[in-house]
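Chemist: Just so you know, the protein sequences line up as chains A and B, in that order.
Just add 3 to wherever you are in the first sequence, counting from 1, and you've got the working numbering.
Just add 3 to wherever you are in the second sequence, counting from 1, and you've got the working numbering.
I'd like to ask you about the structure that follows.
There are 2 protein chains.
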Amino acid sequence: EIEAVDVTRSYRMDGVSVDALRGVSLTIEEGDYAAIIGPSGSGKSTLMHLLGCLDRPTTGTLLVGGRDVGTLDDSELAELRNQTIGFVFQSFQLLARTTALDNVALPLVYRGVRRAERRKRAAEALDAVNLGHRVGHKPTQMSGGEQQRVAIARALVGEPSVLLADEPTGNLDTVNGDEVMGILERLNKERGVAVVLVTHEADIAARARRIIRVRDGLIEAVAEAPEP
Amino acid sequence: EIEAVDVTRSYRMDGVSVDALRGVSLTIEEGDYAAIIGPSGSGKSTLMHLLGCLDRPTTGTLLVGGRDVGTLDDSELAELRNQTIGFVFQSFQLLARTTALDNVALPLVYRGVRRAERRKRAAEALDAVNLGHRVGHKPTQMSGGEQQRVAIARALVGEPSVLLADEPTGNLDTVNGDEVMGILERLNKERGVAVVLVTHEADIAARARRIIRVRDGLIEAVAEAPEP
Ligand SMILES: Nc1ncnc2c1ncn2[C@@H]1O[C@H](COP(=O)(O)OP(=O)(O)OP(=O)(O)O)[C@@H](O)[C@H]1O
Ligand SMILES: Nc1ncnc2c1ncn2[C@@H]1O[C@H](COP(=O)(O)OP(=O)(O)OP(=O)(O)O)[C@@H](O)[C@H]1O
Ligand SMILES: [Mg+2]
Ligand SMILES: [Mg+2]
Numbered sequence: 004e005i006e007a008v009d010v011t012r013s014y015r016m017d018g019v020s021v022d023a024l025r026g027v028s029l030t031i032e033e034g035d036y037a038a039i040i041g042p043s044g045s046g047k048s049t050l051m052h053l054l055g056c057l058d059r060p061t062t063g064t065l066l067v068g069g070r071d072v073g074t075l076d077d078s079e080l081a082e083l084r085n086q087t088i089g090f091v092f093q094s095f096q097l098l099a100r101t102t103a104l105d106n107v108a109l110p111l112v113y114r115g116v117r118r119a120e121r122r123k124r125a126a127e128a129l130d131a132v133n134l135g136h137r138v139g140h141k142p143t144q145m146s147g148g149e150q151q152r153v154a155i156a157r158a159l160v161g162e163p164s165v166l167l168a169d170e171p172t173g174n175l176d177t178v179n180g181d182e183v184m185g186i187l188e189r190l191n192k193e194r195g196v197a198v199v200l201v202t203h204e205a206d207i208a209a210r211a212r213r214i215i216r217v218r219d220g221l222i223e224a225v226a227e228a229p230e231p
Numbered sequence: 004e005i006e007a008v009d010v011t012r013s014y015r016m017d018g019v020s021v022d023a024l025r026g027v028s029l030t031i032e033e034g035d036y037a038a039i040i041g042p043s044g045s046g047k048s049t050l051m052h053l054l055g056c057l058d059r060p061t062t063g064t065l066l067v068g069g070r071d072v073g074t075l076d077d078s079e080l081a082e083l084r085n086q087t088i089g090f091v092f093q094s095f096q097l098l099a100r101t102t103a104l105d106n107v108a109l110p111l112v113y114r115g116v117r118r119a120e121r122r123k124r125a126a127e128a129l130d131a132v133n134l135g136h137r138v139g140h141k142p143t144q145m146s147g148g149e150q151q152r153v154a155i156a157r158a159l160v161g162e163p164s165v166l167l168a169d170e171p172t173g174n175l176d177t178v179n180g181d182e183v184m185g186i187l188e189r190l191n192k193e194r195g196v197a198v199v200l201v202t203h204e205a206d207i208a209a210r211a212r213r214i215i216r217v218r219d220g221l222i223e224a225v226a227e228a229p230e231p
């Protein structure tokens, strides 16, 4: 489904190069369920942005459905993303002056879904994360965990085939965190959605079928979870 | 040190009132070490903002050092905050176009500390959270966990007598999270700094001497940790 082949990502800053990723190869299979763990600053979010086609590698190749996305221009890449990938950002990245409902409906606007239909689907997505009573609120009027759940709803509303979530339960208590994990796992199990999540929490990582450990811009290890 | 007496906080929004806090009384003693836990949206950040004098209660009284802060105007309140309280925000709230060093030095600017002195102290604070090599970077050039650590360094640089931290390890891996907790606990133990942290992680909460459980805008329980 998504394959990174020896990708690097460097940031140039006044003469110094920060090598966020130093040569990573990884395949996200259809129906995969993986957790990415590793120290702060080790390259996890950078890797997620490359897998999610939100960024381009400095060197190396990224293939989505077998296609080299390096050959696509920005608008073709945006369309591919919109059709197949749902992304939950570590910092949520919601539009501050827009209601929760309209934030969640945004991916459907790009797809040309009619207004009534997309508002209905956005309301359902918010309902699934227990925010049905907050559809008219703006992010600045919501708690950290509520904003995180709006970001999750937005990533799911377009029914993507790959869900990339960067620390999706970081601001959630156990009950809400479990509910979110339940949604993701059901999508994976029942609809074959590939789920990749970055997490700092060992018990969240333990639920995945494989754990990818990142350190210093490289993949240090990939562990397959034993059959339950 | 900081005392909330029957405080409430409501937000009015087009005819509807969201009662974030519905009558909370709580005292943060000198040298206290408390964890605030509770579901997403239950009022923890709202309570922290009131204790930190970043917000005013709708009803009820807030006393700092025995003084009713309701009698202070905004600039007197800002000065009190700057002198005695360090605050780590759930969403960090760093200045995006400012380097890590200058972000951390900001509380000292308000206090009138000379430029060379405050840059030295800011560099030391960043060093303490393992970001000494990043002083010239801006928040947009840093990982989530790095930004969180900059926010922590900024809260500590003014040597406050009360440290209020809203989910300070949410974006940190175990090693970095433990180091941050170590810094806070050392300040509490060796310098009598009162530490209050909001956390969703049970093992972080378990380190505190008392756990304050919030639910639905009210304090549900306060548990004193047994002597070790
Ligand atoms: N500016 C605002 N306007 C309207 N409602 C608000 C505003 N800020 C917060 N709220 C609401 O007040 C309630 C408490 O919010 P608060 O941020 O204190 O929760 P919290 O316990 O910190 O949650 P989390 O664990 O998700 O961070 C929530 O229902 C939230 O939506
Ligand atoms: N725009 C940028 N410019 C320069 N350096 C950057 C930029 N974005 C990220 N970095 C650096 O690249 C490295 C990897 O960052 P990344 O965000 O991928 O880490 P991470 O593993 O997600 O960390 P965390 O767990 O703290 O979120 C870090 O050292 C970070 O400071
Ligand atoms: Mg990250
Ligand atoms: Mg909060």
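Even glycine gets a Cβ: it sits at the ideal position worked out from N, Cα and C.
In chain A, what lies closer than 8 Å to residue 178 (chain B) by C-beta?
Modeler: By Cβ distance, chain A contributes 42.
Chemist: Using only the alpha-carbon positions, how far apart do residue 48 (chain A) and residue 214 (chain B) sit?
Modeler: Distance between the alpha carbons of residue 48 (chain A) and residue 214 (chain B) is about 33 Å.
Chemist: Starting from the Cα of residue 44 (chain B), find the closest Cα among A:103, A:149 and A:11 and give me that residue.
Modeler: Ranking A:103, A:149 and A:11 by Cα distance to residue 44 (chain B) puts A:149 first.
Chemist: If I measure Cβ to Cβ from residue 198 (chain A) and keep anything under 6 Å in the same chain, skipping five residues before and after, which residues do I get?
Modeler: Closer than 6 Å at the Cβ level, and outside the excluded window around residue 198 (chain A), lie 36, 166, 187 and 191.
Chemist: Which class does residue 84 (chain B) belong to by DSSP, given the choice of helix, strand or coil?
Modeler: Note: residue 84 (chain B) maps to helix in three-state DSSP.
Chemist: Tell me, please, whether the CB atom of residue 223 (chain B) is closer than 8 Å to any CB atom in chain A?
Modeler: With 8 Å as the cut-off, residue 223 (chain B) does not count as an interface residue toward chain A.
Chemist: By how many angstroms is the C-alpha of residue 161 (chain A) removed from the C-alpha of residue 129 (chain A)?
Modeler: Between residue 129 (chain A) and residue 161 (chain A), the C-alpha separation is close to 13 Å.
Chemist: Could you list which residues in chain B have their beta carbon closer than 7 Å to that of residue 175 (chain A), in chain order?
Modeler: Per Cβ cutoff of 7 Å: 43 and 203.
Chemist: Hey, is residue 27 (chain B) close to ligand 3, as in C-beta under 7 Å from one of its heavy atoms?
Modeler: No, the beta carbon of residue 27 (chain B) sits no closer than 7 Å to any heavy atom of ligand 3.
Chemist: Taking the straight line between their C-alpha atoms, what separation do you get for residue 109 (chain B) and residue 157 (chain B)?
Modeler: Cα to Cα, residue 109 (chain B) sits roughly 8 Å from residue 157 (chain B).
Chemist: When burial is assigned at 16 or more other CB atoms within 10 Å of the CB, is residue 169 (chain A) buried or exposed?
Modeler: Buried: at least 16 other Cβ atoms inside 10 Å.
Chemist: Helix, strand or coil for residue 130 (chain B) per DSSP?
Modeler: In the structure shown, residue 130 (chain B) sits in a helix (DSSP, three-state: H, G or I).
Chemist: Which residues of chain B have a Cβ atom closer than 7 Å to the Cβ of residue 146 (chain A), listed in chain order?
Modeler: Ordered by position in chain B, the residues that pass the 7 Å Cβ test against residue 146 (chain A) are 43, 44 and 48.
Chemist: Quick check: the Cα distance between residue 184 (chain A) and residue 138 (chain A), rounded to an integer number of angstroms?
Modeler: Between residue 184 (chain A) and residue 138 (chain A), the C-alpha separation is close to 22 Å.
Chemist: Checking 8 Å against the spacing of the C-beta atoms, do residue 134 (chain B) and residue 203 (chain A) come in under that value?
Modeler: Against a cut-off of 8 Å, the Cβ pair of residue 203 (chain A) and residue 134 (chain B) comes out as no contact.
Chemist: Compare the C-beta of residue 13 (chain B) with all C-beta atoms of chain A and state if any pair is closer than 8 Å.
Modeler: False, the Cβ-Cβ gap to chain A never drops below 8 Å.
Chemist: Let me know if residue 98 (chain A) comes out buried or exposed under the rule of 16 or more other beta-carbons within 10 Å of its beta-carbon.
Modeler: Residue 98 (chain A) is exposed by the Cβ-count criterion.
Chemist: Assign residue 25 (chain A) to one of three DSSP states: helix, strand, or coil.
Modeler: The answer is strand: DSSP assigns residue 25 (chain A) an E or B state.
Chemist: Does residue 170 (chain A) come within less than 8 Å of chain B when only Cβ atoms are used?
Modeler: Chain B, which has a Cβ nearer than 8 Å to the Cβ of residue 170 (chain A), makes this yes.
Chemist: The alpha helix (DSSP H) spanning residue 48 (chain A) covers which residue range?
Modeler: Run containing residue 48 (chain A): 47-54, per the alpha helix (DSSP H) assignment.
Chemist: Is the beta carbon of residue 211 (chain A) closer than 8 Å to that of residue 38 (chain A)?
Modeler: Their beta carbons are under 8 Å apart, which means residue 38 (chain A) touches residue 211 (chain A) by this criterion.
Chemist: Report the rounded CA-to-CA distance for residue 107 (chain B) versus residue 82 (chain B), giving the unit in angstroms.
Modeler: Their backbone Cα atoms lie some 17 Å apart in a straight line.
Chemist: With DSSP collapsed to three states, give me the class of residue 187 (chain B).
Modeler: Looking at residue 187 (chain B) - three-state DSSP - the assignment turns out to be helix.
Chemist: Relative to chain B, which residues along the region 87-105 of chain A have a C-beta separation below 9 Å, given in chain order?
Modeler: The residues in question are 93, 94 and 95.
Chemist: Please identify the residue among A:177, A:218 and A:222 whose C-alpha is closest to the C-alpha of residue 206 (chain A).
Modeler: That would be A:177, whose Cα lies nearest to the Cα of residue 206 (chain A).
Chemist: Can you tell me which residues fall inside 5 Å of ligand 1, judged by beta-carbon distance to its nearest heavy atom, and keep chain order?
Modeler: This selection yields A:144, A:145, A:146, A:147, A:148, B:14, B:21, B:23, B:43, B:44, B:45, B:46, B:47, B:48 and B:49.
Chemist: In terms of alpha-carbon separation, which member of A:73, A:20, A:67 and A:53 lies closest to residue 32 (chain A)?
Modeler: Ranking A:73, A:20, A:67 and A:53 by Cα distance to residue 32 (chain A) puts A:67 first.
Chemist: List, in order along the chain, the chain A residues whose C-beta lies closer than 9 Å to that of residue 16 (chain B)?
Modeler: Those are 139, 140 and 144, listed as they occur along chain A.
Chemist: Could you work out which residue in B:46, B:115 and B:114 is closest to residue 22 (chain B) when comparing CA atoms only?
Modeler: Considering only alpha carbons, the answer is B:46.
Chemist: For residue 96 (chain A), count neighbouring C-beta atoms within 10 Å of its own C-beta (all shown protein chains included) and say buried if the count is 16 or more, exposed if not.
Modeler: Exposed is the call here.
Chemist: Can you give me the start and stop residues for the beta strand (DSSP E) that residue 6 (chain B) sits inside?
Modeler: Its beta strand (DSSP E) spans residues 5-16.
Chemist: Under 8 Å by Cβ, that's how I've got residue 200 (chain B) and residue 163 (chain B) pegged, so tell me the actual separation to the nearest angstrom.
Modeler: The pair is not a contact, with the Cβ atoms about 14 Å apart (cut-off 8 Å).
Chemist: Any C-beta of chain A sitting closer than 8 Å to the C-beta of residue 149 (chain B)?
Modeler: Output row for residue 149 (chain B): interface = yes.
Chemist: If you run the structure through DSSP and keep just helix, strand and coil, what is residue 202 (chain A)?
Modeler: Coil at residue 202 (chain A), not helix or strand.
Chemist: Given a threshold of 16 other Cβ atoms within 10 Å of its Cβ, counted over all protein chains shown, does residue 52 (chain B) qualify as buried or as exposed?
Modeler: The residue is buried, with at least 16 neighbouring Cβ atoms inside 10 Å.
Chemist: Could you work out which residue in B:13, B:105 and B:40 is closest to residue 127 (chain B) when comparing CA atoms only?
Modeler: Ranking B:13, B:105 and B:40 by Cα distance to residue 127 (chain B) puts B:105 first.
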